[in-house]
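Q:
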Amino acid sequence: MTGHRRVITGFSNPTVKALRALREKKHRKREKKFLAEGLRLLTDARECGHVPEVLVLADKRDPHPLLTALEEAVEQSGGEVIETSPDILSKITGKDNPQAVAGVFTEFDTSLASLDRTKADIWLVAQALRDPGNLGTMLRTGDAIGAGGLILIDDCADPFSVEAVRASMGAVFTQKIAQADWQQFETWLRGGEGQLVAASLRDAQPYRSAPYASPCFVMVGNESRGLPEEYEMACDLRVTMPMKGRADSLNAAVAAAVLGYEVLTALDPAAS
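Start counting at 1 in the sequence shown, then tack on 174, and there's your number in this note's numbering.
#1: My output table needs one value for Pro380: the three-state DSSP class, helix, strand or coil.
#2: Within 10 angstroms of its Cβ, does Pro306 collect 16 or more other Cβ (buried), or is it exposed?
#3: Does DSSP put Ala444 in a helix, in a strand, or in coil?
#4: I need the straight-line Cα distance from Gly323 to Asp410, nearest angstrom please.
#5: Give the list of continuous alpha helix (DSSP H) stretches no shorter than 4 residues that lie fully inside the segment 286-359.
#6: If you run the structure through DSSP and keep just helix, strand and coil, what is Glu406?
#7: Could you check which residue in Gly277, Ile256 and Glu404 has the C-alpha nearest to that of Leu215?
#8: To the nearest angstrom, how far is the alpha carbon of Glu245 from that of Arg197?
#9: Considering only residues of the same chain and omitting the five flanking positions on each side of Asp275, which have a CB-CB separation below 8 Å?
#10: When we look at the beta-carbon of Ser285 and count the other beta-carbons within 10 Å, is it buried (16 or more) or exposed?
#11: With which residues is Phe279 paired in a DSSP beta bridge?
#12: Which residue's Cα is closest to the Cα of Leu438: Arg399, Ala338, Ala321 and Leu326?
#13: Of all the options Thr292, Gly310 and Glu281, which has the alpha carbon lying nearest to the alpha carbon of Ala427?
#14: Between Ser342 and Leu313, is the Cβ-Cβ spacing less than 8 Å?
#15: Report yes if the CB atom of Gly253 is closer than 8 Å to the CB atom of Glu221, and no otherwise.
#16: Taking just the CA atoms, how far does Asp329 sit from Glu436?
#17: Relative to the alpha-carbon of Thr267, which residue among Glu337, Asn187 and His238 has its alpha-carbon at the smallest distance?
#18: Could you check whether the Cβ of Gly310 sits closer than 8 Å to any Cβ belonging to chain B?
#19: What whole-angstrom Cβ distance do Ile327 and Phe359 have, given they're in contact under 8 Å?
#20: Should Ser383 be labelled buried (16 or more other beta-carbon atoms within 10 Å of its own) or exposed?
#21: I need the DSSP call for Val228, collapsed to helix, strand or coil.
#22: By Cβ distance, which residues of its chain are closer than 8 Å to Val413, with the 5 residues on each side in sequence left out?
#23: Residue range of the beta strand (DSSP E) that Gln369 falls in?
#24: Exposed or buried, which one is Arg202 when buried takes at least 16 other CB atoms within 10 Å?
So this is what it looks like as structure tokens:
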């Protein structure tokens with residue numbers, strides 16, 4: 175199967191409007207597609223087996239072997255390669271200085287049923303996380319610690335927004351993503367092995383000496399409100415991290431990283 179190429183020169187082209195609309199959540203959900211930008215990010219996607227359906231290239235670009243490999247992969251998979259001006263690419267991505275390439279991908283299956291908890295010792299869980307930058311950072315952290323993926327509980331930011339994808343630095347393609355409400359997640363979790371851990375002040379023990387067990391699900395809460403008490407009390411393990419200054423809490427994504435690395439060290443001493 176061979177794809178096709180075309181050149182777009184007009185801002186009012188229907189394809190430009192359709193691609194630009196993917197920056198908005200309602201259009202992404204309707205089309206079940208999302209945008210990713212940058213040669214490194216799209217190369218990570220290709221190396222993980224994800225080839226964009228549409229590849230958009232700036233017509234004034236420097237040659238690069240990785241870019242050539244992307245073009246060939248898209249064409250071989252039957253996708254479309256579009257060449258356009260940097261100004262039109264800027265309109266599509268919403269960046270004043272866009273990178274020379276962007277791609278359109280089909281959204282992944284985000285059901286809990288798509289997860290295999292036995293594939294990793296660590297999983298990250300976020301409840302009502304609202305900042306797409308924090309969400310992308312958690313995906314990146316999950317990749318760094320070898321987590322299986324990120325499970326989004328209740329009303330979280332869209333993991334396929336341009337901002338979250340950009341902040342993930344390619345980890346959106348390496349980490350499994352699931353979305354569910356609390357009851358669905360708790361039922362799924364208790365249907366198999368899994369230790370649910372959260373930072374808390376309620377009957378908590380020091381995070382450095384806590385008895386972590388695989389598979390460990392590390393949960394953080396909303397940036398401003400933290401976790402609801404009901405969710406904390408449902409955890410198998412509640413841990414506390416020392417706060418030596420005036421701050422009474424860490425950023426949600428930072429807390430996930432600190433706990434994630436501690437769990438990694440506990441479950442895999444060779445990683446320390």
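Ideal Cβ positions, reconstructed from N, Cα and C, are used throughout, including at glycine.
Computed from a predicted model, the values in this text were never measured in an experiment.
A: Working from what's here:
#1: The answer is strand: DSSP assigns Pro380 an E or B state.
#2: Residue burial annotation: Pro306 is buried, with at least 16 other C-beta atoms found within 10 angstroms of its C-beta.
#3: In the structure shown, Ala444 sits in a helix (DSSP, three-state: H, G or I).
#4: Separation of Gly323 and Asp410 (C-alpha to C-alpha, rounded to the nearest whole angstrom) is 20 Å.
#5: You should have 306-319 and 336-342.
#6: Glu406: helix per DSSP, three-state reduction.
#7: Its Cα nearest to that of Leu215, the residue Gly277 stands out among Gly277, Ile256 and Glu404.
#8: When rounded, the distance between both Cα atoms is 23 Å.
#9: Per the sequence shown, the amino acid found at residue 275 is Val instead of Asp. Contacts found: Glu211, Gly212, Leu213, Leu216, Leu229, Val230, Leu231, Ala232, Arg235, Leu241 and Leu244.
#10: Residue environment: Ser285 is assigned as exposed (fewer than 16 neighbouring CB atoms within 10 Å of its CB, all protein chains considered).
#11: Phe279 pairs with Phe208.
#12: Residue Ala321 is the option with its Cα nearest to Leu438.
#13: Ranking Thr292, Gly310 and Glu281 by Cα distance to Ala427 puts Gly310 first.
#14: Yes, these two residues count as a Cβ contact at 8 Å.
#15: Using a Cβ distance threshold of 8 Å, Gly253 and Glu221 do not count as a contacting pair.
#16: Going by the C-alpha atoms only, they are around 27 Å apart.
#17: Of all alpha-carbon atoms in Glu337, Asn187 and His238, the one lying nearest the alpha-carbon of Thr267 is that of Glu337.
#18: Checking the listed chains, one finds no chain B in this structure; it contains a single protein chain.
#19: Separation of the CB atoms of Ile327 and Phe359 is rounded to 5 Å, and the pair is thereby assigned contact status at 8 Å.
#20: In summary, Ser383 is exposed, with fewer than 16 beta-carbon neighbours lying within 10 Å of its beta-carbon over all protein chains present.
#21: Judged by DSSP in its simplified three-state form, Val228 adopts strand.
#22: Same-chain partners within the cutoff: Val371, Ala372, Ala373, Ser374, Ala378, Gln379, Pro380, Tyr381, Ala384 and Leu433.
#23: Note, Gln369: beta strand (DSSP E), Gln369 to Ala373.
#24: When all chains shown are included, Arg202 counts as buried.
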